[in-house]
Amino acid sequence: MSNIDYEYHADECDCGKDCTFTKEGVATIRADGRDTGKGPLHYKTLNCAIRKAIASDIRTIIIEEVMGQRYIGATASGTDLRIVVHGTPGNSLGAFLNGPTIEVLGNAQDMTGNTMNSGKIIIHGNAWDVTGLSARGGTIMIKGSSGYRVGIHMKEFGKTRPSLVIGGTVKDYLGEYMAGGTILVLGLRSHVDSPVGHNIGAGMHGGRIYVRGKVTSRQLGPGAIISPVTEEDSAELTSLIEEFEGYFGEPVGRDYSNFVKIHPSSSRPFSGYYDKTNI
Amino acid sequence: MSEKTDRPKRMETRLPEKFMPTINYNTCVQCKRCVNECSFQAIDVRDNKVVPKGGCVACGRCIAVCPTSAIEIRPLPSQFPPHGNWTERMRRGIYAQANSGGVLLSSCGTDEPYDVIFEDILLDAAQVTNPSIDPLREPVETRTYLGGRPGRIEVCEGEHMKLCGGEGPIIEMDMPIMLGHVSLGSVSYNTQKALFMAAKELNIIAGSGEGGLHEDFYVYADHICSEVASGRFGVNASYLKNTAAVEIKVGQGAKPGLGGHLPGEKVTKLISETRMIPLGTDALSPYPHHDIYSIEDLQQLISVLKEATEYGRPVGVKIAAVHNVGAIASGIVRAGADFITIDGFKGGTGSAPRVIRDNAGLPIEVAIAVVDKRLTDEGLRNRVTIAAGGGIRCSADMIKAIALGADIAMVSTAAMIAMGCRVCQQCHRGLCPWGIATQREDLMARLDPEQAAARVVRLFRAWNEELREVIGGMGIDSVESLVGNRDRLRYMGPNPKIAEVMGLKTVGEGWG
Chain A
2 MSNIDYEYHA DECDCGKDCT FTKEGVATIR ADGRDTGKGP LHYKTLNCAI
52 RKAIASDIRT IIIEEVMGQR YIGATASGTD LRIVVHGTPG NSLGAFLNGP
102 TIEVLGNAQD MTGNTMNSGK IIIHGNAWDV TGLSARGGTI MIKGSSGYRV
152 GIHMKEFGKT RPSLVIGGTV KDYLGEYMAG GTILVLGLRS HVDSPVGHNI
202 GAGMHGGRIY VRGKVTSRQL GPGAIISPVT EEDSAELTSL IEEFEGYFGE
252 PVGRDYSNFV KIHPSSSRPF SGYYDKTNI
Chain B
1393 MSEKTDRPKR METRLPEKFM PTINYNTCVQ CKRCVNECSF QAIDVRDNKV
1443 VPKGGCVACG RCIAVCPTSA IEIRPLPSQF PPHGNWTERM RRGIYAQANS
1493 GGVLLSSCGT DEPYDVIFED ILLDAAQVTN PSIDPLREPV ETRTYLGGRP
1543 GRIEVCEGEH MKLCGGEGPI IEMDMPIMLG HVSLGSVSYN TQKALFMAAK
1593 ELNIIAGSGE GGLHEDFYVY ADHICSEVAS GRFGVNASYL KNTAAVEIKV
1643 GQGAKPGLGG HLPGEKVTKL ISETRMIPLG TDALSPYPHH DIYSIEDLQQ
1693 LISVLKEATE YGRPVGVKIA AVHNVGAIAS GIVRAGADFI TIDGFKGGTG
1743 SAPRVIRDNA GLPIEVAIAV VDKRLTDEGL RNRVTIAAGG GIRCSADMIK
1793 AIALGADIAM VSTAAMIAMG CRVCQQCHRG LCPWGIATQR EDLMARLDPE
1843 QAAARVVRLF RAWNEELREV IGGMGIDSVE SLVGNRDRLR YMGPNPKIAE
1893 VMGLKTVGEG WG
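Chains as they are written, first to last, in the numbering used here: chain A, 2 to 280; chain B, 1393 to 1904.
Below, the structure is given as structure tokens:
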């Protein structure tokens, strides 16, 4: 079997030379292309430049003037790698991320941390729909709010357990089909009754969702139930909240009496659903 | 209270047996091998004598292991009063559901006797004016490529001629066959290993299924098409890189519109490690991908997978054949897919609700023709590879599928049958006595990967020879010239409208 060895399109990657500025092990990439006069970098160019920087052993990458470029840091590996994004990254930021820390000084769009494996994504603004889809490890911290379908099918395995912390509010379908991991919604700066939407945890069969504020059973999807926060839970809450405060400097408080926990009623939601009779 | 009166007052209806192992005691040597081998426990020992116990599924394991050929499996006559409308199957389903209240589950492809359109199609052959080609004497090429086709190529002049303006990666295979996606979980480790070994030996591609890829199988990476399904099981950077091609699974022919539910019993240590989920929980794939609600969203997942593999792997999309398949395929090509896999409604499965397995989808024959025509009309056909499966049983089906417009025939059930599968449709119970669709160590050990792989290799080598004979007989010297060559097919089935939809002439119509 041989993959025919095509070369890259010349325009895909040549910007690695003239838009990346390296000094003392820190690479700075300007994503708006103002330096080169060519206009904003195509996402392929930007990601290629990032890959080149990683390949040349640079461990801190600063991307300036990001203008919606998608898939930043997809599959990037290595726990010592740090990517700082100024501006607004596009969809699927940090998809399949495998160890690095991505910090966004702005808002993120949809599918942040899509199928993330490990690492950290820190968003100093809001992150919109489908955040943390299918994440199986690592941490996503959002100072602001997030949108619909957040944390769907997050899962844990062995020691890897994903956590997703949202400072503000989220909308419907939070934690649907969740198979592991922790979601924490803090409801800061919010004046609504409940910081979460409807159909929470539908089909949930693992993991846990903590909400600071009111949640009624009418907001839950099938398979999810509400219970009070236990002693064991508060240890995890404290560590996540400390981390959150550390990144964003916003005090949360440690009164867990106004927190609720949403968890699955069973790890086998479909065990009685099917009839296996050999008709 | 006595035990008798304590019984719950349920009108549970026990379904009558369908099959019965019948033992010839003249030749039976009472070795009890059948008792030990029957994972459905349908044979028992009573008074030191081997006797049938009930629950036989006609898997044939007992027959295969009996040293004196003393066992015969007989279908039992219907125990229901005959009725043309309320068939036995209907009544059995009702009794079962009235007992349990559950969704009826089954596996393998549908066993309903639907028409097979392949059988209504006849192939052409060359006579006199366009002489046939003897594959023993002249080359008949079956090399096939999987991947996106460049719209335009540039050749750089220099010391060596070299392509320098291609569109992307493409995979070369020795024959137009792809082993379909069979996940670790639905089948055993040994079965998947055998499939990958066979793919390597044949120089073709085998699908990993949606259950991740065990690290032991990374050595077969050049012959594996990995799958990214809605559950994203085992999908990480190394999974995407240790593979020859990546496929987004949107749908499966046996259960279009549904996600997979691997029951917790099958999530053993090995499966939990490969899928990266906790031991013993249900492995649920959500029905849709929650990051794909439109063609534009699909385009983004295709793009991110291309980014993730650094543009080094073809990225495809697998869909179930459904009524609007032409338009969907068009959208998929426009979204940037390098290949499309279409799975017909007769496609196999390790577990699917009966209602959807038996009632939803489109025959693969029609789906291939419709997609090929639609993409050709829109000027997109030359950009993609089409792999099609879900009902391809023999080389004739494969040849007809290619002439209808597929580049590659996707086959899995035939490969399972080559390994010993009897199509008893019990995969979802995890008790496969042939060691194929099971996670039980003792059963799994019954399948020897080397031998199973060798059987699959021989089967497909034979198919490929048959392919060369048939296309040589048509006067065609390369399988690529057969793709979409509907003029070499004629329809002789009952429904001329089907012929029209598929763009086929009926028997008796000549050229032009």
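In this text, a Cβ means the ideal position worked out from N, Cα and C, and glycines have one as well.
Note to self: Between the alpha carbons of A/H10 and A/P90, how many angstroms are there, rounded?
What the structure shows: Summary for A/H10: the model assigns pLDDT 35, below 50, so the residue's position carries little reliability, and this model does not support an answer.
Next item on the list: Pull up the distance between the alpha-carbon of B/M1836 and that of B/G1447, whole angstroms please.
Entry: Answer to the nearest angstrom: the Cα atoms are 21 Å apart.
Notebook entry, point to check: What three-state label does DSSP hand A/N99 in the structure shown?
Noted result: Residue state for A/N99 is assigned as strand, using DSSP reduced to three classes.
Notebook entry, point to check: B/L1881 versus chain A: which residues are under 7 Å apart at the beta carbon?
Noted result: Under the 7 Å cutoff, chain A gives no residues; its nearest Cβ is about 31 Å from B/L1881.
Check: Does the Cβ of B/D1769 have 16 or more other Cβ atoms within 10 Å, making it buried, or fewer, making it exposed?
Finding: Its Cβ having fewer than 16 others within 10 Å, B/D1769 is exposed.
Notebook entry, point to check: If contact means a Cβ-Cβ distance below 7 Å, which residues of the stretch 1489-1511 of chain B contact chain A?
Noted result: Only those residues of the stretch 1489-1511 of chain B whose C-beta falls short of 7 Å from the nearest C-beta of chain A are listed: Q1489, S1492, G1494, V1495, L1496 and L1497.
Note to self: Taking 9 Å as the threshold (beta carbon to beta carbon), is B/R1453 in contact with chain A?
What the structure shows: Taking 9 Å as the threshold, the shortest C-beta distance from B/R1453 to chain A does not fall below it.
Checklist line | B/L1767 classed as buried or exposed, judged by whether at least 16 other C-beta atoms fall within 10 angstroms | finding: Taking every protein chain shown into account, the CB of B/L1767 has 16 or more other CB atoms within 10 angstroms, so this residue is buried.
Margin query: Residues of chain B with CB closer than 7 Å to the CB of A/R60, please, in chain order.
Written below: Around A/R60, no beta-carbon contact reaches into chain B at under 7 Å, the shortest distance being about 18 Å.
Check: From A/N115, A/G120, A/G107 and A/L94, pick the residue whose C-alpha is nearest to that of A/L82; which is it?
Finding: Comparing Cα positions, the closest option is A/G120.
Check: Taking all protein chains shown into account, do 16 or more other C-beta atoms lie within 10 angstroms of the C-beta of B/H1653, making it buried, or fewer, making it exposed?
Finding: Using a 10 angstroms sphere on the CB of B/H1653, the tally of other CB atoms reaches 16 or more, which defines it as buried.
Notebook entry, point to check: On the premise that B/S1600 lies in contact with B/S1580, defined as a C-beta separation below 8 Å, what is that separation, rounded to the nearest angstrom?
Noted result: Actually they do not touch by this definition, with Cβ atoms about 14 Å apart.
Notebook entry, point to check: Where do the N-terminal and C-terminal ends of the beta strand (DSSP E) with A/E66 fall, by residue?
Noted result: Taken as a continuous stretch (DSSP letters only), the beta strand (DSSP E) holding A/E66 covers T61 to M68.
Note to self: I'd like to know whether the C-beta of B/S1431 is nearer than 9 Å to at least one C-beta of chain A.
What the structure shows: The C-beta of B/S1431 comes no closer than 9 Å to any C-beta of chain A.
Checklist line | Where B/V1815 sits in the DSSP three-state scheme | finding: The answer is coil: DSSP assigns B/V1815 none of H, G, I, E or B.
Notebook entry, point to check: Can you give, in chain order, each stretch of the alpha helix (DSSP H) that sits fully within the stretch 199-257 of chain A and has at least 4 residues?
Noted result: The stretch 199-257 of chain A contains these whole alpha helix (DSSP H) runs: 232-249.
Notebook entry, point to check: Does DSSP classify A/K156 as helix, strand or coil?
Noted result: Residue state, collapsed to three classes: strand.
Next item on the list: Measure how close the beta-carbons of B/C1451 and B/C1816 come, nearest whole angstrom, since I'm counting them as under 8 Å.
Entry: Sure, about 4 Å apart at Cβ, within 8 Å.
Next item on the list: Measure the C-alpha to C-alpha separation of B/G1577 and A/G208 and round it to an integer number of angstroms.
Entry: Their backbone Cα atoms lie some 22 Å apart in a straight line.
Item checked: 3 or more residues per run - each beta strand (DSSP E) lying fully within the stretch 1556-1603 of chain B -> The qualifying runs are 1562-1565, 1569-1571 and 1597-1599.
Margin query: Tell me which residues share the same chain as B/T1405 and place their Cβ nearer than 8 Å to its Cβ, disregarding the 5 neighbours each side in the sequence.
Written below: Listed in chain order, the non-local C-beta contacts of B/T1405 below 8 Å within the same chain comprise Y1487, A1490 and N1491, local neighbours out to five positions each way being set aside.
Note to self: Between A/F271 and chain B, is the shortest Cβ-Cβ distance under 9 Å, so that the two count as touching?
What the structure shows: Residue contact with chain B for A/F271: present (Cβ-Cβ distance below 9 Å to some residue of chain B).
Note to self: Quick check on A/S235 - is its C-beta less than 9 Å from some C-beta in chain B?
What the structure shows: For A/S235, the answer is no, since every Cβ of chain B falls outside 9 Å of its Cβ.
Next item on the list: Could you check the C-alpha separation between A/S258 and A/G250 for me, to the nearest Å?
Entry: Rounded to the nearest angstrom, the gap between the Cα atoms of A/S258 and A/G250 is 22 Å.
Next item on the list: Give the C-beta separation of B/D1799 and B/T1536 to the nearest angstrom, bearing in mind that I take them to be a contact with Cβ-Cβ under 8 Å.
Entry: Correct: roughly 6 Å between the Cβ atoms.
Next item on the list: Pick helix, strand or coil for A/G168, following the three-state DSSP scheme.
Entry: Here A/G168 sits in coil by DSSP.
Next item on the list: Could you pull out every residue in the same chain whose Cβ sits closer than 6 Å to the Cβ of A/F260, ignoring the five residues on either side in sequence?
Entry: Cβ neighbours of A/F260 beyond the five flanking positions: Y211, R213 and V230.
Check: Which residue comes first and which comes last in the alpha helix (DSSP H) that contains B/G1656?
Finding: B/G1656 -> no alpha helix (DSSP H), and no H or E assigned at all.
Item checked: alpha helix (DSSP H) segment containing B/K1792, residue limits -> Element bounds for B/K1792: S1787 to L1796.
Next item on the list: Assuming A/A136 contacts A/M155 (C-beta within less than 8 Å), just tell me the rounded distance between them.
Entry: With a Cβ gap of about 5 Å, A/A136 and A/M155 count as contacting.
Check: Near A/I64, which residues of its chain fall below 6 Å by C-beta distance, leaving aside the five closest residues on each side in sequence?
Finding: Its chain contains I30, A32 and V86 as the residues whose beta carbon lies nearer than 6 Å to that of A/I64, once the 5 sequence neighbours on both sides are disregarded; these appear in chain order.
Notebook entry, point to check: Do the stretch 1775-1785 of chain B and the stretch 1721-1740 of chain B touch if we need at least three Cβ pairs shorter than 8 Å?
Noted result: Result yes; three or more Cβ-Cβ pairs closer than 8 Å.
Next item on the list: Leaving aside the five residues before and after A/G79 along the sequence, list all residues of the same chain whose C-beta is less than 7 Å from its C-beta, in chain order.
Entry: G100 and P101.
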